[in-house]
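Chains L and A supply the protein sequences, listed in that same order. Count the first sequence with the numbering used here and you get residues 32 to 289, in order. Count the second sequence with the numbering used here and you get residues 8 to 531, in order.
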Amino acid sequence: MPHAVELTHLRKRYGKVLAVEDLSLCVPAGCFFGFLGPNGSGKSTTIGCVTGLLEATSGEMRLLGERVTPDAVALKRRIGVMPETLGLFDALYAHEFLAFQARMFGLDEPTARQRVTELLEAMDLGREGRKPLGEFSAGMRKRVAFAAAIVHTPEILFLDEPFESIDPSGVALMKRWLRQVTSQGRTVFMTSHVLETVERVCDRVAIITKPGRLVWEGDITPLAADRPILLDDCEFTTLEALFLHAAGGRDPASLDWI
Amino acid sequence: MNHLPALIGLRYRLIWAQARSRSGKLALFGVGALFAVLAAVVLGLGGYGVAAVAIRMHRVEFITRSVFGAVFVLAIVAAATLGLGVSAAFSDATLRRYPLTRRGRFLVRHLAGLLDPLWILVLVLDLGVAAGLAALGVTTWTLAVPVAVLLALSNYTAACVLVDLMDRLARSPTGRLALFALGLALLGVSPVAPRHGPGGRGAPGTAFPVLWFTPPAAAAAAVAGTTPGRSLVGGLYLAGWFACLLAVLLVLERRPIRSRTVPEAVATWNDASDRVAALFGPSLGPLLAKMIRYYTRSQHVRWNYPVTLPGLATVTLMAARASGRTEDPMAVFFALLGGIAALGFCANGALSLNVFGFDGAGFRRYFMLPAPPRLALLAAGLVALAPAASLVPVVILAWLALAPIPTDARMLAMLLSSALAGLFLYQSLGLWASVLAPRPIPFAGRWGNRLSLPAGLVLMTGVCAFLGLPYAGVAFGAGLMRAWWLLPLAALAGAAVFALTVRAGGAVLNARREQMLAVIESKA
């Protein structure tokens, strides 16, 4: 069975700026994968490259065994993406946007209508009827973007900081759905800065630092069973401690005036 | 008020940041050069020139009123359409994060607005004329300078009030109808007014006595009044105007514009947009439906579309009359032949010059979809054709119903070809501007022009075409009647250019996706 995501020596440059440097990574199918790193370390750029939005400078990317190219239309149909910027059309209503997404991903009109209605109700957006997305709150916009990513039942879900600015009940609902996704053998590839959540939901984690350099990758399920993870002869019992060690946490500056 | 210098500094840093892009630098150079030339002309020559001409013609007050009036109107038009000073300065919401009282926010916001380049230019222009009059002894410096300053202040306040009122009106169908009627009235007045004034063609502004009581006329009476009493009345009028406008502005700003959102309304499925778009297949259909919704909900289109036909009728009749061949019914046909070519520009406005810029972060979605990105450009191009294309049959039917001369098939073919040639050519330019020079613009924005320089140039070309082509039609129409077949050829060429644009533009869109993403998502 091919890996869900396979990156080999991925490199991405924006002009003179190196965003991702020689990143190699394998994510098994059915995995709930956490992709972690400090701000500006290249997480969103990596997702952009692997989902066909951005063109990699060099390296090879495969999803579900198929090579990723910007024109890989059939492959795009099999993945769902929730970008960091959400990518919403602000002038559309929520149901119009989700129906657009569903139809573009090949769902017929009755199925699209049924799924969109159910999603809007489940995400507590059913009463927002004729309100353009541009007038939604940040949390509501995120819910819509999440719904757009899952409406066509993708085989891999790429979620860029999905839980930030969503209320606890929304987060609980999303986590339940995401566990359902992985229990069916489909894959979730997620970035987040909320390490407690990542520790609770993810099976595996990769940590990168600037510029897109892999510093640790491994199974984090032992943490859930209160067993430590060993790195550089040190034992770590929380993902936060592991992350700070691997990513090189900064010494807090002393600002007395604070 | 300690925050004022810091906020004005920030305002100018933001203007400079906007100008740091390549097209921004070009625009800055152009605006800077224009600013310098205008300031030099007005200060060096204009003031004295206006004053000298006015004295020599023994019509000091009339000429001063005309100059003040032109500056006043142009400043308001520039503020409303280019978004300078009024809408570009800080909003009240932005200033709430600073430790300022309500009054402090009002003062800081409007002082920052007043110190924008446009209003400095307006002050320089008004001061130039007033200084010229004072230097030549028509008035005193102690009167000229305060009047010019008060006029510039009134001008800024009037612009703020008008933009706010128009914004409120444009939010409801009734309000839009009122604005439409007002626009029609202004369009109707402009060609008619000069004929009714006691001074005939050369005396615009005398057409309606009410215009004598406007701020520029009051300012002119104050600095160039023939008697001290008239100067006093003029000064009082001007002060009264400023006080009234300021009071209206204060009242308006205390009544924030309410959202017309209807949150409880039921979602509608498979509406007209979906049904029309479904005819184009499963890949293109949803993209077309999205574009149709953007066009039908755009304030730019909602404003431009209804004024297009009255505007076309007005410029056509003006051009026919200006030709001096009012007895020749063919003059109207020739003017319409030119005017109908600009129809493609009028109906859509800024939306079709910056199709993707209005999508904001949604732009990246086109590259995440399981469809080639060129389909997004194709959908944008097809939908952009629709508004103006829907008006072409209306114009032709109106011509057939109202034409003062019999219309043969050749004339109909000429009208149709002229419309199609202009439509295809203009929308092709719009697509290229959208791909090569996008600019992030909030979709809900109503006033102000934030287009990139190339898109702005296309817009200006369209305005010039709209105003100039009817005259060109009158001038060259007779020749075109003999070589009428040129127009169908032009329409075919336009269609070919459009098809090539969609094909080549799709490849460019794909190749430039990262630059466009950076610009549209404001990372540039």
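For each residue, glycine too, the CB sits at the ideal point set by N, CA and C.
Where the beta strand (DSSP E) containing L:K43 begins and where it ends: V36 to Y45
Below 8 angstroms, can you find three or more Cβ-Cβ pairs linking the stretch 346 to 358 of chain A to the stretch 455 to 474 of chain A? yes
For L:L273 versus L:I289, is the C-beta distance shorter than 8 angstroms? no
DSSP beta-bridge partners for L:W247? L:I238
A:I412 classed as buried or exposed, judged by whether at least 16 other C-beta atoms fall within 10 angstroms: exposed
Can you name the residues of chain A whose CB is closer than 9 angstroms to the CB of L:E140? W276, N277, D281 and A285
Local conformation of L:D53 per DSSP, three classes: strand
Does chain L have any CB closer than 8 angstroms to the CB of A:Y301? yes
Chain L residues whose Cβ lies nearer than 8 angstroms to that of A:F374: G83, L84 and P101
Taking the continuous beta strand (DSSP E) assigned at A:V251, which residues delimit it? Residue 251 of chain A is actually Cys in this sequence, not Val. Note, A:C251: premise wrong, no beta strand (DSSP E); alpha helix (DSSP H) at P235 to R261.
Would you be able to state if there are at least three C-beta pairs under 8 angstroms between the stretch 124 to 136 of chain L and the stretch 284 to 298 of chain A? yes
From A:A525, A:A451 and A:A77, pick the residue whose C-alpha is nearest to that of A:P222; which is it? A:A77
Quick one: what's got a C-beta closer than 7 angstroms to L:V219's C-beta in the same chain, skipping five residues either side? F63, F64, L188, L190, L209, V212 and T213
Chain L beta carbons: is any one of them nearer than 8 angstroms to that of A:G206? With a pLDDT of only 37 at A:G206, under the threshold of 50, the placement of this residue in the model should not be trusted; the figure read from the coordinates follows. Not one chain L Cβ lies under 8 angstroms of A:G206.
Leaving out the 5 sequence neighbours to the left and right, which residues in its chain are closer than 8 angstroms to A:R282 when beta-carbon positions are compared? none
The stretch 394 to 411 of chain A / the stretch 312 to 328 of chain A touching (three or more Cβ pairs under 8 angstroms): yes
Using DSSP's beta-bridge definition, name the partner residues of L:Y124. L:P163
Spatial neighbours of A:A3 within its chain, please: CB distance less than 7 angstroms, with the 5 preceding and 5 following residues excluded, ordered by chain position. One cannot answer for residue 3 of chain A here, as it falls past the ends of chain A, which runs 8 to 531.
Cutting at 7 angstroms between CB atoms, please list the residues of its own chain near A:A137, excluding the five before and the five after it. A151, V152, V154, A155 and V230
Once the 5 residues before and after L:G170 are set aside, which same chain residues still bring their CB inside 8 angstroms of it? S196, I197, D198 and G201
Report the partner residues of L:R93 according to the DSSP bridge assignment. L:E37 and L:R98
Which residues in chain A have a C-beta closer than 9 angstroms to the C-beta of L:F220? List them in chain order. None at all; the shortest Cβ gap to chain A is about 14 angstroms.
Of the residues L:G46, L:R108, L:L67 and L:R231, the one placed nearest L:G243, counting alpha carbons only: L:L67
Cα-Cα separation between A:S73 and A:A61, rounded to whole angstroms: 11 angstroms
Which one or two residues does DSSP pair with L:C265 in a beta bridge? L:L262
Between the stretch 349 to 373 of chain A and chain L, which residues of the former have CB atoms less than 7 angstroms from a CB of the latter, in chain order? D366, G367, A368, G369, R371 and R372
The alpha helix (DSSP H) that contains A:T147, what's its start and end? No alpha helix (DSSP H) contains A:T147, which DSSP labels as neither H nor E.
Among A:L436, A:L392, A:F505 and A:I83, which residue has its Cα nearest to the Cα of A:C167? A:I83
I'd like to confirm something about L:H34: is its beta-carbon nearer than 7 angstroms to some heavy atom of the ligand MG, or not? Of the ligands one can find in the structure shown there are none, so the ligand MG has no counterpart to examine.
Residue-level contact to chain A via CB, L:P368, 8 angstroms cutoff: Residue 368 of chain L lies beyond the range of chain L shown here (32 to 289); nothing can be said about it.
Near L:R44, which residues of its chain fall below 7 angstroms by C-beta distance, leaving aside the five closest residues on each side in sequence? A50 and T88
Going residue by residue through the stretch 98 to 133 of chain A, where are the continuous alpha helix (DSSP H) segments of at least 4 residues, counting only ones entirely within it? 99 to 102 and 109 to 121
Uninterrupted beta strand (DSSP E) stretches inside the stretch 150 to 215 of chain L (no shorter than 3 residues): 187 to 191
Do A:L419 and A:V509 have their CB atoms nearer than 8 angstroms? no
Assign A:T213 to one of three DSSP states: helix, strand, or coil. Interpretation of A:T213 is limited by its pLDDT of 45, a score under 50 that renders its predicted location unreliable; the figure taken from the coordinates is listed afterwards. In this structure, A:T213 counts as coil in the three-state DSSP scheme.
How far does the alpha helix (DSSP H) with A:F340 in it extend, from its first residue to its last? P336 to G346
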